[in-house]
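Reviewing the structure listed below.
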Amino acid sequence: MAFRLMFCCGKGLDRKEQGKKQATWRVFSLKELHSATNNFNYDNKLGEGGFGSVYWGQLWDGSQIAVKRLKVWSNKADMEFAVEVEILARVRHKNLLSLRGYCAEGQERLIVYDYMPNLSLLSHLHGQHSAECQLDWNRRMNIAIGSAEGIVYLHHRATPHIIHRDIKASNVLLDSEFQAQVADFGFAKLIPDGATHVTTRVKGTLGYLAPEYAMLGKASESCDVYSFGILLLELASGKKPLEKLSSTVKRAITDWALPVACEGKFSELVDPRLNGKYVEEELKRVVLIALICAQSRPEKRPTMLEVVELLKGESKEKFDALENDELFKSPHPADYNDGSRVDDGSDFISEEKEPIRELKEPEGDPGK
Ligand SMILES: Nc1ncnc2c1ncn2[C@@H]1O[C@H](COP(=O)(O)OP(=O)(O)OP(=O)(O)O)[C@@H](O)[C@H]1O
Ligand SMILES: [Mg+2]
Numbered sequence: 001m002a003f004r005l006m007f008c009c010g011k012g013l014d015r016k017e018q019g020k021k022q023a024t025w026r027v028f029s030l031k032e033l034h035s036a037t038n039n040f041n042y043d044n045k046l047g048e049g050g051f052g053s054v055y056w057g058q059l060w061d062g063s064q065i066a067v068k069r070l071k072v073w074s075n076k077a078d079m080e081f082a083v084e085v086e087i088l089a090r091v092r093h094k095n096l097l098s099l100r101g102y103c104a105e106g107q108e109r110l111i112v113y114d115y116m117p118n119l120s121l122l123s124h125l126h127g128q129h130s131a132e133c134q135l136d137w138n139r140r141m142n143i144a145i146g147s148a149e150g151i152v153y154l155h156h157r158a159t160p161h162i163i164h165r166d167i168k169a170s171n172v173l174l175d176s177e178f179q180a181q182v183a184d185f186g187f188a189k190l191i192p193d194g195a196t197h198v199t200t201r202v203k204g205t206l207g208y209l210a211p212e213y214a215m216l217g218k219a220s221e222s223c224d225v226y227s228f229g230i231l232l233l234e235l236a237s238g239k240k241p242l243e244k245l246s247s248t249v250k251r252a253i254t255d256w257a258l259p260v261a262c263e264g265k266f267s268e269l270v271d272p273r274l275n276g277k278y279v280e281e282e283l284k285r286v287v288l289i290a291l292i293c294a295q296s297r298p299e300k301r302p303t304m305l306e307v308v309e310l311l312k313g314e315s316k317e318k319f320d321a322l323e324n325d326e327l328f329k330s331p332h333p334a335d336y337n338d339g340s341r342v343d344d345g346s347d348f349i350s351e352e353k354e355p356i357r358e359l360k361e362p363e364g365d366p367g368k
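With the UniProt record's numbering, letter number 11 in the sequence shown gets 11, and the count goes up by one each step, no holes.
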């Protein structure tokens, strides 16, 4: 199945398409972005990810932007740029960071977003804002629900559906009201209706990777559900997805949380920085949903639509069923043997790794 990558040559949408989408993006010149970011000054740098660096900038009208400057070292990176731009241009939702524009001049490939003044969830949980404790329980619940709603849009409303493939704390940005904006669709692939998964190359961040994705390269919506479960546990507990126990051993957050949850000791799982200020019922709900999402068997994970419903506490019946799930009766260590334990200190797969191919691939697999 071929998708037209509309902007890879620096061309915009035609008028008809623009009208339909009411797109609010535009093409930026390199000169304008140089001047906005003080020539990509080191002091403007917000951080660096797998595909390049992100810089803070200010446009002539005073508005603040974040510019992702891709390291263009191969045609492959060029493809990622084109994919991300096209996906972002399609997507408009209150909880998804939308594209403000792009620039493709010479060797430079840049993507322009609105600057999110409260940075990422990562910076509040484990980074420069972690000591300030700005994330009270209410904000955390809003972030959980908001980011879940953003992913629901990708999985169920966007046409064709979009698998994010890199859901993690640095990709959940926070606006001035601390509302979640899920960012970075650079890893996402468009999947056509009817396909259950695409077999593809593994990209993502250790600690968040679903086992079937890490081992078989099978990307599907349920891989995102798994990563979202890890994110939820991180949000509630303030712990990292992989905790370093010694120089060679790391423990997955689920291995720590599941036995405690099975004993019903939810208060032991909550972030101590909340000083006991949280809603018990909501904490229990978040932890159980997180664990049901981050179980090893993809077929047993809920959909993101169900996750939103559960997080909002809309259905008592469904919550009762969740509470009585066999996972919380007798935890099997195998349920959490997710293959993401590492002993090399690296949390990011920067190079593509060929997955072990399945012997039999599903019919009509577009990844072939
Ligand atoms: N629009 C934005 N506003 C504020 N901070 C941003 C914005 N976009 C990105 N950042 C921050 O800049 C840093 C680098 O982002 P980048 O997406 O390149 O890397 P990453 O999220 O750590 O990894 P990945 O490449 O897997 O997405 C991150 O800390 C991210 O939260
Ligand atoms: Mg990112």
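No residue lacks a Cβ here, since even glycine has one placed at the ideal position from N, Cα and C.
Exercise for the section: Measure the C-alpha to C-alpha separation of Ser29 and Ser35 and round it to an integer number of angstroms. Expected result: Translated into the one-based positions of the sequence shown, residue 29 becomes position 29. Translated into the one-based positions of the sequence shown, residue 35 becomes position 35. So the two alpha carbons sit approximately 10 Å from each other.
Practice task
Please classify Tyr113: does DSSP put it in a helix, a strand, or coil?
Solution key: Residue mapping note: residue 113 aligns to position 113 of the sequence shown, counting from 1. Strand at Tyr113.
Exercise for the section: Helix, strand or coil for Ala67, going by three-state DSSP, please let me know. Expected result: Indexing the sequence shown from 1 puts residue 67 at position 67. Checking the sequence, you will find Val at residue 67 rather than Ala. Strand at Val67.
Handout entry: Completely contained beta strand (DSSP E) runs for the segment 101-183, where each covers 3 or more residues
Key = Taking only runs of at least 3 residues, the beta strand (DSSP E) segments lying wholly in the segment 101-183 are 108-114, 161-163, 172-174 and 180-182.
Exercise for the section: For the segment 206-272, list the alpha helix (DSSP H) runs that are entirely contained and at least 4 residues long, ordered along the chain. Expected result: Runs of the alpha helix (DSSP H) lying entirely within the segment 206-272, each at least 4 residues long, are 211-216, 221-237 and 253-262 in chain order.
Practice task
Report back the beta-carbon spacing between Leu174 and Ser120 to the nearest angstrom; my notes put them in contact at under 8 Å.
Solution key: Here residue 174 is taken as the residue at index 174 of the sequence shown, counted from 1. Here residue 120 is taken as the residue at index 120 of the sequence shown, counted from 1. Confirmed, Cβ separation roughly 7 Å.
Exercise for the section: Determine which residues share a DSSP beta bridge with Gly47 and list them. Expected result: Residue mapping note: residue 47 aligns to position 47 of the sequence shown, counting from 1. For Gly47, which the question treats as bridged, DSSP gives the partners Val54.
Exercise for the section: Say yes only if the C-beta of Leu30 is nearer than 8 Å to one or more non-hydrogen atoms of ligand 1, and no if none qualify. Expected result: Translated into the one-based positions of the sequence shown, residue 30 becomes position 30. Remark: the shortest separation between the CB of Leu30 and any heavy atom of ligand 1 does not fall under 8 Å.
Exercise for the section: Alpha carbon to alpha carbon, how far is Thr248 from Tyr115? Give it in angstroms, no decimals. Expected result: Start at 1 with the first residue of the sequence shown, and residue 115 comes out as number 115. Start at 1 with the first residue of the sequence shown, and residue 248 comes out as number 248. About 38 Å.
Practice task
Assign Glu263 to buried or exposed, taking buried as 16 or more other Cβ atoms, counted over all protein chains shown, within 10 Å of its Cβ.
Solution key: Walking along the sequence shown from the start, residue 263 turns up at place 263. Its Cβ having fewer than 16 others within 10 Å, Glu263 is exposed.
Problem - Reduced DSSP secondary structure (H/G/I, E/B, other) of Arg285 - result: For the purposes of this step, residue 285 is taken as residue 285 along the sequence shown, with counting starting at 1. In the structure shown, the three-state DSSP call for Arg285 is helix.
Problem - Reference Glu102; option with closest CA among Arg92, Leu96 and Tyr113 - result: On the sequence shown, residue 102 is found 102 positions in, with the first residue counted as 1. Looking at the sequence provided, one finds Tyr at residue 102 rather than Glu. Of Arg92, Leu96 and Tyr113, the residue nearest in Cα terms is Tyr113.
Problem - Under the three-state DSSP convention, the category Val91 falls into - result: Mapped onto the sequence shown, residue 91 falls at position 91. Here Val91 carries a coil assignment [DSSP, helix/strand/coil].
Exercise for the section: Check whether the Cβ of Asp166 lies closer than 8 Å to any heavy atom of ligand 2, and answer yes or no. Expected result: Start at 1 with the first residue of the sequence shown, and residue 166 comes out as number 166. For ligand 2, at least one heavy atom lies less than 8 Å from the Cβ of Asp166.
Handout entry: Per-residue DSSP class, three states only, for Glu352
Key = Looking up residue 352 in the sequence shown gives position 352. For Glu352, the predicted model reports a pLDDT of 37, less than 50, meaning its position is unreliable; a value from the coordinates is still stated below. If DSSP states are grouped into helix, strand and coil, Glu352 belongs with the strands.
Problem - Among Glu32, Arg140, Leu110 and Glu282, the one whose alpha carbon lies nearest that of Trp60 - result: Within the sequence shown, numbered from 1, the residue matching residue 60 stands at position 60. Looking at the Cα atoms, Glu32 is the closest of the given residues.
Handout entry: Among Val270, Ala89 and Thr303, the one whose alpha carbon lies nearest that of Asp136
Key = As a working mapping, residue 136 is identified with position 136 in the sequence shown. Of Val270, Ala89 and Thr303, the residue nearest in Cα terms is Val270.
Practice task
With hydrogens ignored, establish whether the beta-carbon of Ser170 is closer than 8 Å to any heavy atom of ligand 2.
Solution key: Translated into positions along the sequence shown, residue 170 becomes position 170. Yes, the beta carbon of Ser170 sits closer than 8 Å to at least one heavy atom of ligand 2.
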